[in-house]
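In the order they appear, the protein sequences are chains A and B.
So the first sequence is numbered by the working numbering: it starts at 1 and just counts up by one.
So the second sequence is numbered by the working numbering: it starts at 1 and just counts up by one.
One structure is given here, and the rest of the page talks about it.
There are 2 protein chains.
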Amino acid sequence: MEASRRVQGMGEPALLKYYPLVDKVKELGKKVYYLNIGQPDIKTPEGFMRKVNAMKENVLAYAAPEGESSLRDEACKYYERYGLYYKPEDMLITNGGSEALLFTLLSVCNPGDEILTPEPLYSIYKEMASATSVKLVGIMTHTEDGFALPDRKTIEALVTDRTKAILITNPGNPTGKVFTKAEIETIRDVALAHDLFIMTDEVYREFVYDGLRYISPGHYPELSGHCIIVDSISKRYSACGARIGFILSKNKTLMHEIRKLCQMRLAVSSVDQAGAAELFKLGMDFFDEILAEYTHRREIVNDALMQMDGVVGKKPTGAFYYMVKLPVKDACDFIEWMITDFEYEGATVLLSPANDFYIHPEDGRDEVRLAYVIKESDLKQAMKVLAEGLKTYRKEHPEACK
Amino acid sequence: MEASRRVQGMGEPALLKYYPLVDKVKELGKKVYYLNIGQPDIKTPEGFMRKVNAMKENVLAYAAPEGESSLRDEACKYYERYGLYYKPEDMLITNGGSEALLFTLLSVCNPGDEILTPEPLYSIYKEMASATSVKLVGIMTHTEDGFALPDRKTIEALVTDRTKAILITNPGNPTGKVFTKAEIETIRDVALAHDLFIMTDEVYREFVYDGLRYISPGHYPELSGHCIIVDSISKRYSACGARIGFILSKNKTLMHEIRKLCQMRLAVSSVDQAGAAELFKLGMDFFDEILAEYTHRREIVNDALMQMDGVVGKKPTGAFYYMVKLPVKDACDFIEWMITDFEYEGATVLLSPANDFYIHPEDGRDEVRLAYVIKESDLKQAMKVLAEGLKTYRKEHPEACK
């Protein structure tokens, strides 16, 4: 009587092991700056709670399996502003972006099928792949050049007769990478040449900096049968606690199949759907202020990192993450040391070890991810603490440094 | 580029095909009594909306992957009243009972593993089994004797080296069957003898009639490593639109594995969890009135059915479903005829065809399921319409009758 191999094969978030340590030092009075999590600190727009606070439901009944049409109608208008012309019937509402991705994997892949995906990757993709018996094949990208995609030939060399799809996150978590038009077209060309689906996870669509244009495979009419957009309101509207995600595709045959999974799990929260519909009524100017704030924070992080000896990274162009190489041999050891053995002006920082973001955990051992989702004054102080921490670590543990 | 076989292998709710027909006749002015759905008409207790209406969240953040402790604490007190002594750490909150079952299947079975389950069964089990590449093996039970379980030997004959678990619904949907102590102990004995998990879906726990005692595998200490309770607030508190389910087990190794699936999908709706915690604060007297109402409705349905020529069934002891054999060759044909070709005093009824509730669709062709979730006056009229419908069908279509 054992648990299944597919679930035993799943990992746990690398950060879990640090939390007991963090709790211990916090009890002893040390302040901890959390640069590890992707939970935005931006206020959830009031429309959500205003709607929820005013709801009067006599019988809280099942919503439609494909999602409430009021929410799908509002979402369509939002997507149109990005040049993504999807009709309500091309859209399924899911229990968060996570369920959107899970249903997409189940629908596209048989057990043993393969999916190509740029590495480093969102760590949960690995767990989802294990749970659904799918094999992830990494397209390796690198910190030094801002995680640029390799050329078409390099990607095509990874295609086998089990390859069913290419999965991208755009903008990327953990990379902060925004794919260029040329890169999206490389993916397009590979998908068309080898008859692959493109799963494009676009939960950070709004977070694109430096005046870059956000480009989606959904913009290409020739990909209408290939492209599946996975989306979520969590990051966009700082509403992670409402479980509202989306699957968008014009491939009607596939959507018919995915709808069966929606019928299987009956419905998505009626209350969350009502609240979410209000969020989509916000104008695009809502994002201006937020984007300005994140742009500013990104500068703070970048300026600080670039002044640290031996730190290698390139200013990311999207999302709210920054992945860098540290001049240490093992980032996990350094992160642990920062928690337990170091403080500067009574504080320390918690970082994400990057090996969690690679398919093979021996990759990315000297890398970390920082999320800039804390307010400016804290962020500035956190970067100071990190700079001092690195200096002290090199002095006290030269054997652990490069 | 095809959808996966596991999703292509899933069926769609049999009822879907009737809805366009129903819409058409409703437009023409025919009244339709819905005896097909399990959406209770009982008012959702006010505590849920009161809590939700008063919520003030500045940032709607992710809830804990295993569920909010406030909800788990309240739920523990509820389970204790049923003699089910589970601690908060033996409990995971899920996106409805559906996710609870999905995660349980994924965690217990490798692709190709088998699960024994009494037939007729909740039709969604079939779809979940396909989605998770699990094979369901039916333990056949029959309308005539109220869906009594066969003896231990008959069940054991179905066990193979791929069998991982026995899945029961207690009280049963679509059967309304409440398992007796002897039946639960038969299941216990088989599980212990063959090292099987017992998955027990108890979403209708409150709906037990005739003073019968509700008995769960969770009551047996010797099953603490075997038993996994799947639960949901949907039917209990008439709160289907809130997606709150539960997995309870004292098997710590297995729960550790299932928790990874919870981490993978991040969280369950914060708002729904807050509302649900209020529901669990209701005293057990809340159910008295509801139980009295359903008991009364069950009598109305039973009395009416027993007076219809050729109808075979036994008064169910639980849930709010009644499955009967009709004196027709094909219940699907009869259901369709009732919608399109029949009316009595301007009305007709919609029934569920029972072949959806069997693993092999050729089984149960002359059976239907009635859900008594409409108010008394409507229910009485609906039963009159059904009686007249059967009479007319036998007269007009003797070739389609038995």
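For glycine and all other residues, C-beta sits at the position ideal for the given N, C-alpha and C.
Rounded separation between residue i and residue j - CA only
i        : j        : result
Arg243/B : Asp309/A : 50 angstroms
Lys325/A : Glu367/A : 4 angstroms
Lys402/A : Gln273/A : 51 angstroms
Leu92/B  : Thr348/B : 43 angstroms
Arg188/A : Leu223/A : 7 angstroms
Asp41/B  : Cys262/A : 23 angstroms
Val137/A : Ile359/A : 8 angstroms
Ser133/B : Gly211/A : 46 angstroms
Gly38/A  : Val178/B : 47 angstroms
Met306/B : Lys395/B : 20 angstroms
Met55/A  : Tyr18/A  : 40 angstroms
Asp23/A  : Tyr33/A  : 13 angstroms
Cys227/B : Ile155/B : 18 angstroms
Ile335/A : Arg152/A : 37 angstroms
Pro221/B : Val108/B : 20 angstroms
Lys87/A  : Arg81/A  : 13 angstroms
Ala100/B : Glu68/A  : 23 angstroms
Gly97/B  : Phe103/B : 10 angstroms
Lys391/B : Ile300/B : 19 angstroms
Glu388/A : Ala382/A : 10 angstroms
Ile198/A : Asp145/A : 24 angstroms
Phe357/B : Thr175/B : 9 angstroms
Gly275/A : Asn53/B  : 12 angstroms
Lys135/B : Trp337/B : 34 angstroms
Residue from the options with nearest C-alpha to residue i
i        : options                                   : result
Glu345/B : His226/B, Tyr322/B and Leu386/B           : Leu386/B
His142/B : Thr186/B, Leu116/B and Ala354/B           : Ala354/B
Gly172/A : Leu116/A, Glu156/A and Phe207/A           : Phe207/A
Tyr237/B : Asp73/B, Phe286/B and Lys51/B             : Phe286/B
Thr340/B : Lys26/B, Glu2/B, Leu192/B and Arg6/B      : Lys26/B
Thr44/B  : Leu28/B, Asp201/B and Cys240/B            : Cys240/B
Val230/B : Leu21/B, Gly9/B and Thr94/B               : Thr94/B
Ala61/B  : Pro327/B, Ala277/B, Glu299/B and Ser270/B : Ser270/B
Pro150/B : Arg72/B, Thr186/B and Thr175/B            : Thr186/B
Leu350/A : Asp333/A, Asp73/A, Gly364/A and Glu89/A   : Asp333/A
Lys235/B : Ile290/B, Ala277/B, Ile124/B and Ala382/B : Ile290/B
Arg365/A : Leu279/A, Glu376/A, Met323/A and Val190/A : Met323/A
His219/A : Leu16/A, Ala157/A and Lys181/A            : Lys181/A
Gln8/B   : Arg259/A, Leu282/A, Glu278/A and Ser377/A : Arg259/A
Pro120/A : Ala63/A, Leu379/A, Pro398/A and Arg369/A  : Arg369/A
is_contact[residue i, chain B] using C-beta, thresh 8 angstroms
i        : result
Cys404/A : Absent from the model: residue 404/A. The displayed extent of chain A is 1 to 402, so no value can be given.
Ala277/A : no
Pro20/A  : no
Pro361/A : no
Asn53/A  : yes
Arg72/A  : no
Val59/A  : yes
Arg243/A : yes
Val268/A : yes
Lys250/A : no
Ala193/A : no
Leu158/A : no
Leu28/A  : no
Cutoff 8 angstroms: residue i Cβ touching any chain A Cβ
i        : result
Thr44/B  : yes
Met199/B : no
Asp23/B  : no
Ala239/B : yes
Arg265/B : yes
Gln39/B  : yes
Phe48/B  : yes
Thr117/B : no
Pro353/B : no
Same chain, Cβ closer than 8 angstroms to residue i, five either side skipped, listed in chain order
i        : result
Gly225/B : Lys250 and Asn251
Thr163/A : Asp113, Glu114, Ile115, Leu116, Val137, His194 and Leu196
Thr317/B : Gly146, Pro171, Gly176, Lys177, Val178, Val208, Tyr209, Asp210 and Leu212
Nonlocal neighbours in the same chain, by C-beta distance under 7 angstroms from residue i, ignoring five residues either side
i        : result
Gly11/A  : Lys126 and Glu127
Glu343/B : Lys30
Same chain, Cβ closer than 6 angstroms to residue i, five either side skipped, listed in chain order
i        : result
Lys315/B : Asn302
Tyr79/A  : Tyr86
Thr169/B : Tyr122 and Asp201
Under 9 angstroms from the C-beta of residue i: neighbouring residues of chain D
i       : result
Met91/B : Of the protein chains in the structure, A and B, none is chain D.
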